[in-house]
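Protein chains in written order, with the working numbering: chain A, 1 to 174; chain B, 1001 to 1183. Note that CB positions come from ideal geometry on N, CA and C, so glycine has one too. What you are looking at is a predicted structure, and each value in this text was computed from that prediction instead of being measured.
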Amino acid sequence: MRDFEQRKAEIFRRSERRIAQRKRRSRIIISCVPLVVCIAVLSFFKLPAFEIQGDKSADEKYNHSTCGEAHVSVRIHYVKEGAEYSGEIKDRGMIEKISHAITAAKNSADSCIAGALLSGNKHRDVCIVTFISDDGNQTVYTISGNILTDSENRSVLLTDKQLSEIVSLLTEAR
Amino acid sequence: MDNGASSYRRFLDGDESAFDEIMKAMFDNLVFFIDRYVHDVHAAEDIAIDTFSDLVVNRHRYNFKVTLKTYVFMLGRSRALNYIKHRKKLTFEELSEAENISDDREILEESVLTDELKRTVNNALGALPEEMHAAVHLVYFEELTYEEAAKVMKKTRKQIDNLLYRAKKELRNILGKDGEELL
């Protein structure tokens, strides 16, 4: 057992040590605060960018899946000057080429047009392209003249080059 | 007597000697009380030193709403229970060390238990369960009120009442007729 003075000395020695530890801990916490603030600010500015990127990639993924890999066949119904042609493509390579051409045309931003403008636009030549996925889902695209319309009724105006590319692919497949 | 609160206030105002007063009034008693939990007088002394260092480090944690003695014993009990919780393995002492411990305990008992009656009760207390033990210690040796003892032991006044009632009954059985006079 310690005597009175030894006990007292020990109490104050331990107290000093604990106070020093506490100061060190609070200094660490204080130095972490600016770091946390920086991270918060950075994430505030960076996150929307990530979100946009995320949205884009999700969109791309969506497009890819609606027009490409997941599809096992493509049905084509072609009406030209009153005559009708139908066919089905099973070749994966060809399916991918067609879906790629349609997706590229659909995503070309400068060719978007409002549905209202299309209402009066009537063409005799119509091509209906139906992508069928392995679970039976169908994605339908209609090409009427230079206008490509998807199953959600969103329409885009195709350039002559895009149209000829798609048509040549469909003709080749047929 | 405010059981050390005024001394502690003086210590907070910068009077170092006030801390000596608190230590003289409570340190041995606290060691004796903690020893009842840890059954090791040296560990009890160590825990008591930590408890007193709490008074120095956390100067503004004591709110003066309970007596300082109650507060110190609360801290001491809590630290003792923590010590028991974290004592991972049994330690085996050499016989000479064990003899030292029992000598130290006797010295401590002599300094805390000033009269023969208290010593007689203390000897009988060993047969009681820990909780009763502590309740009797706080009320009869430290002369805390039932409410203060309840605060220290984190129990209700009624529970302390029950513990003491049963403890008295047990002690009467152990001490016989002498016990009835003491209690």
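As assigned by DSSP and simplified to three states, the class of A/H100: On the first sequence, position 100 is the one that residue 100 of chain A refers to. A/H100: helix per DSSP, three-state reduction.
Please tell me whether B/I1047 and B/G1076 are closer than 9 Å, where the distance is taken between their beta carbons. Residue mapping note: residue 1047 of chain B aligns to position 47 of the second sequence, counting from 1. Residue mapping note: residue 1076 of chain B aligns to position 76 of the second sequence, counting from 1. Yes, the Cβ-Cβ distance between B/I1047 and B/G1076 is below 9 Å.
Can you round the beta-carbon distance between B/L1138 and B/A1124 to whole angstroms, since I take them to be within the 8 Å contact cut? Start at 1 with the first residue of the second sequence, and residue 1138 of chain B comes out as number 138. Start at 1 with the first residue of the second sequence, and residue 1124 of chain B comes out as number 124. With a Cβ gap of about 16 Å, B/L1138 and B/A1124 do not count as contacting.
Cβ contact (3+ pairs, closer than 8 Å) linking the stretch 71-88 of chain A and the stretch 125-141 of chain A: yes
If you reduce the DSSP assignment to three classes, tell me which class A/R14 lands in. Along the first sequence, one-based indexing puts residue 14 of chain A at 14. If DSSP states are grouped into helix, strand and coil, A/R14 belongs with the helices.
Identify which residue in B/E1045, B/R1059, B/I1034, B/K1085 has its Cα closest to the Cα of B/Y1008. To locate residue 1008 of chain B, count along the second sequence from 1; it is residue 8. Among B/E1045, B/R1059, B/I1034, B/K1085, the Cα nearest to that of B/Y1008 is on B/R1059.
Let me make sure I understand the geometry here. Which of A/K80, A/Q162, A/L170 has the alpha-carbon closest to that of A/A104? Here the question's residue 104 of chain A lines up with position 104 in the first sequence. When only C-alpha atoms are compared, the closest one is A/Q162.
Which whole-angstrom value describes the C-beta separation of B/V1152 and B/M1074, a residue pair presumed to lie in contact below a C-beta threshold of 8 Å? On the second sequence, position 152 is the one that residue 1152 of chain B refers to. On the second sequence, position 74 is the one that residue 1074 of chain B refers to. Yes, B/V1152 and B/M1074 are in contact; Cβ-Cβ is about 5 Å, under 8 Å.
Nearest-angstrom Cα distance between A/R7 and B/K1024? Your numbering for residue 7 of chain A matches position 7 in the first sequence. Your numbering for residue 1024 of chain B matches position 24 in the second sequence. If you draw a straight line from the Cα of A/R7 to the Cα of B/K1024, it comes to about 11 Å.
C-alpha distance - B/F1032 paired with A/C38, whole-angstrom precision: Counting from 1 along the second sequence, the entry for residue 1032 of chain B is found at position 32. Counting from 1 along the first sequence, the entry for residue 38 of chain A is found at position 38. Straight through space, the alpha carbons of A/C38 and B/F1032 are spaced by roughly 53 Å.
Residues, ordered as in the chain, of the stretch 5-34 of chain A that lie near chain C by beta-carbon distance below 7 Å: Among the protein chains of the structure shown, namely A and B, there is no chain C.
Against chain A, which members of the stretch 1045-1058 of chain B pass a CB distance test of less than 7 Å? E1045, I1049, D1050, F1052, S1053, V1056, V1057
Are three or more beta carbon pairs between the stretch 145-153 of chain A and the stretch 85-101 of chain A nearer than 8 Å? no
Alpha carbon of A/E81 to alpha carbon of A/T171, nearest angstrom: For this step, residue 81 of chain A is matched to residue 81 along the first sequence. For this step, residue 171 of chain A is matched to residue 171 along the first sequence. Those two C-alpha atoms are separated by around 16 Å.
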